[in-house]
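To start, the structure under review is shown below, and the notes come after it.
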Amino acid sequence: MSDSADSLAPSSDAPTVHVHLNHGQYPTPDPAPFGPQYPGPYGYGDAGLWFTMRHSTDAPESRLVSTIRQGMKLILGFDLLHAYRNRAAIAAADIVWTHTEKEHLAIGALKRAGLLRRDLPVIAQSVWLWARLERWDPVRRRVAGRLLSTSTVHTVHSPVNLEAAARDFPDSARLVPYGIPLRTEAREAAARTPGRRPRVVAPGNDRDRDWEVLGEAAALRPGLDVVVLSKRRRARRLAAHANVTVRQAHGSAGMRKEYADADVVVVPLAENDHASGATTVLQALSSGLPLVVTRTGGIELYAGDVAEYCEPGDAASLADAIDRAYARADDALGAEHMTSSGLTQLDFVARHVLLTRAILAGEPLPDEASAARPIWEGLLSGSEGPPAHG
1 MSDSADSLAP SSDAPTVHVH LNHGQYPTPD PAPFGPQYPG PYGYGDAGLW FTMRHSTDAP
61 ESRLVSTIRQ GMKLILGFDL LHAYRNRAAI AAADIVWTHT EKEHLAIGAL KRAGLLRRDL
121 PVIAQSVWLW ARLERWDPVR RRVAGRLLST STVHTVHSPV NLEAAARDFP DSARLVPYGI
181 PLRTEAREAA ARTPGRRPRV VAPGNDRDRD WEVLGEAAAL RPGLDVVVLS KRRRARRLAA
241 HANVTVRQAH GSAGMRKEYA DADVVVVPLA ENDHASGATT VLQALSSGLP LVVTRTGGIE
301 LYAGDVAEYC EPGDAASLAD AIDRAYARAD DALGAEHMTS SGLTQLDFVA RHVLLTRAIL
361 AGEPLPDEAS AARPIWEGLL SGSEGPPAHG
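Residue numbers for the sequence shown follow full-length UniProt numbering, beginning at 1 and rising by one.
Put into structure tokens, the structure is as follows:
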């Protein structure tokens with residue numbers, strides 16, 4: 001956070017924001033300190049410079065109740081019991097932020113049931129929902145539509161997802177680029193000593209990783225050492241290739257060690273529409289590592305022109321992209337791209353601040369919240385840009 005933020009604090013009558021997160025983010029029933037000194041998951045607490053920040057908490061539950069809650073979540077697609085337990089804190093807020101559809105659909109259900117006031121503003125952030133809606137049966141789509149209609153703004157991280165969201169909610173769908181903390185320590189590049197084989201690291205646990213194509217690309221480049229960091233069963237199958245190692249990185253320290261030994265980071269993706277892999281892309285860029293990523297899902301928003309791209313399902317294209325990335329290993333400009341495009345965690349939070357201010361003031365939603373440029377510092381100085389509205 002900027003030093004200029006240290007002297008800022010919300011006034012005593014600042015609006016209250018309730019951040020409703022997935023069960024497990026706060027494993028105790030007691031609210032932890034939440035604000036600029038402890039921003040919590042995804043950095044939302046940094047908005048405590050302008051608002052009074054509160055977050056959802058986890059109620060104690062037996063193994064049986066936990067099983068029932070998770071079963072309901074699997075059937076419904078959202079965690080209704082977790083939201084119900086937090087209903088008093090939600091109701092006391094001036095506005096609610098959610099991180100995924102698993103949270104905001106639950107709040108929509110409580111509104112429809114009359115357990116929360118219908119005019120409570122909600123910034124409903126969705127990740128996977130818009131692609132899944134098309135595969136749901138008509139009844140489930142209709143129910144989801146009724147729950148979605150209770151939210152004030154529908155935010156997404158991918159321009160592809162935005163197209164789908166805007167078809168149903170043209171006035172309230174907005175792109176909010178995601179962001180992660182920018183690494184401040186310098187990374188020492190892996191030493192390229194004679195005889196050392198190029199090392200490619202491929203982290204990821206989400207379902208949209210195309211591990212099969214990575215295995216085929218590894219077979220096309222037997223001179224590479226490929227390290228797959230995943231707990232997925234599909235990923236473990238790649239160990240059958242002589243030049244592929246599959247393991248898990250243990251914690252942030254383990255991931256830093258893997259990146260320190262890497263020459264290139266690869267994010268092989270199946271076709272998707274929600275910028276799958278964005279977090280890994282940003283982690284690689286923040287670490288100053290050359291990056292290869294599959295061109296799909298709107299991932300270009302995050303990788304920009306500093307990555308090497310391959311085409312979906314094309315092992316030869318992936319192998320060629322790895323060659324190009326390795327050749328430009330000393331020319332990684334990832335951190336600069338993140339900063340100039342507003343892809344840091346502070347920028348992500350600042351976008352929520354801009355939307356919240358507009359919603360509470362009854363003003364049009366600002367286009368600035370979606371702009372591909374730095375937002376945080378301008379927000380601190382009060383010069384976040386012209387009042388462009390959409």
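Think of the CB as a built atom: it goes at the ideal place given N, C-alpha and C, for glycine as much as any other residue.
Assigned exposure category for residue i - 16 Cβ within 10 Å defines buried
| i | result |
| --- | --- |
| residue 74 | exposed |
| residue 65 | exposed |
| residue 70 | exposed |
| residue 122 | buried |
| residue 37 | exposed |
| residue 62 | exposed |
| residue 39 | buried |
| residue 307 | buried |
| residue 362 | exposed |
| residue 252 | exposed |
| residue 250 | exposed |
| residue 389 | Reliability of the predicted coordinates at residue 389 is poor, the pLDDT of 35 falling under 50, and no value is obtained from them. |
| residue 353 | buried |
| residue 239 | exposed |
| residue 90 | buried |
| residue 85 | buried |
| residue 260 | exposed |
Of the listed residues the options, nearest to residue i (C-alpha basis)
| i | options | result |
| --- | --- | --- |
| residue 391 | 55, 103, 297, 215 | For residue 391 there is no data in the structure shown, the boundaries of the chain being 1 and 390. |
| residue 334 | 369, 356, 291, 355 | 291 |
| residue 268 | 261, 280, 239, 259 | 280 |
| residue 88 | 378, 99, 109, 56 | 56 |
| residue 205 | 322, 248, 119, 99 | 248 |
| residue 72 | 364, 106, 167 | 106 |
| residue 224 | 98, 115, 252, 318 | 318 |
| residue 293 | 60, 138, 209, 227 | 209 |
| residue 325 | 265, 382, 364 | 265 |
| residue 255 | 130, 227, 244 | 227 |
| residue 282 | 344, 133, 323 | 344 |
| residue 92 | 124, 353, 116 | 116 |
| residue 162 | 126, 196, 149, 197 | 126 |
| residue 395 | 365, 25, 200, 138 | Residue coverage of the chain in this structure runs from 1 to 390, which leaves residue 395 outside it and unanswerable. |
| residue 391 | 197, 241, 272 | Outside the displayed span of the chain (1 to 390) sits residue 391, for which this structure offers no information. |
| residue 243 | 222, 382, 358, 174 | 222 |
| residue 174 | 366, 101, 285, 353 | 366 |
| residue 360 | 51, 150, 286 | 51 |
| residue 98 | 358, 381, 349, 370 | 349 |
| residue 304 | 314, 336, 320, 327 | 336 |
| residue 58 | 33, 26, 67 | 26 |
| residue 369 | 239, 358, 379, 351 | 351 |
Contacts around residue i, its chain only, beta-carbon distance under 6 Å, and the 5 residues preceding and following it disregarded
| i | result |
| --- | --- |
| residue 275 | 157, 158, 297, 298, 299 |
| residue 3 | In this prediction, residue 3 has a pLDDT of 43, which is less than 50 and means its spatial position is unreliable; what the coordinates show is noted afterwards. No residues qualify anywhere along the chain. |
| residue 169 | 154 |
| residue 35 | 45, 48, 53 |
| residue 95 | 17, 121, 356 |
| residue 203 | 229, 280 |
| residue 273 | 131, 160, 161, 297 |
| residue 119 | none |
| residue 270 | 208, 210 |
Own chain, CB closer than 8 Å to residue i, minus 5 neighbours either side, in chain order
| i | result |
| --- | --- |
| residue 339 | 182, 374 |
| residue 431 | The question about residue 431 has no answer, for the chain in this structure spans 1 to 390. |
| residue 372 | 177, 301, 341, 342 |
| residue 145 | 168 |
| residue 316 | 217, 220 |
| residue 128 | 100, 101, 274 |
| residue 257 | 249 |
Residue i - partner residues in DSSP beta bridges
| i | result |
| --- | --- |
| residue 180 | 344 |
| residue 125 | 155 |
| residue 18 | 54, 96 |
| residue 414 | Residue 414 lies beyond the stretch modelled for the chain, which goes from 1 to 390, so this question has no answer here. |
| residue 269 | 209 |
| residue 173 | 154 |
| residue 309 | 293 |
| residue 245 | 227 |
| residue 420 | Examination of residue 420 is not possible in this model, given that the chain is present from 1 through 390 alone. |
| residue 160 | Its beta-bridge partners do not exist; DSSP assigns none. |
| residue 35 | 38 |
| residue 264 | 200 |
Contacting residues, own chain, Cβ-Cβ under 7 Å from residue i (five flanking each side not counted)
| i | result |
| --- | --- |
| residue 234 | 211 |
| residue 278 | 157, 178, 299, 302 |
| residue 147 | 105, 108, 109, 112 |
| residue 347 | 179, 374, 375, 376 |
| residue 231 | 205, 248 |
| residue 328 | 290 |
| residue 285 | 291, 306, 334, 335, 337, 338 |
| residue 6 | Reliability of the predicted coordinates at residue 6 is poor, the pLDDT of 46 falling under 50, and the value obtained from them is presented with this limitation in mind. The answer is none, since no qualifying residue turns up. |
Residue i beta carbon near the ligand SAH (any heavy atom closer than 7 Å)
| i | result |
| --- | --- |
| residue 254 | Looking for the ligand SAH in the displayed structure turns up nothing, as the structure carries no ligands at all. |
### Query
Within the chosen definition, does the stretch 61-79 reach the stretch 212-229 through at least 3 CB pairs nearer than 8 Å?
no
### Message
Taking contact to mean 3 or more Cβ pairs, one atom from each stretch, closer than 8 Å, check whether the stretch 16-24 and the stretch 39-54 are in contact.
### Response
yes
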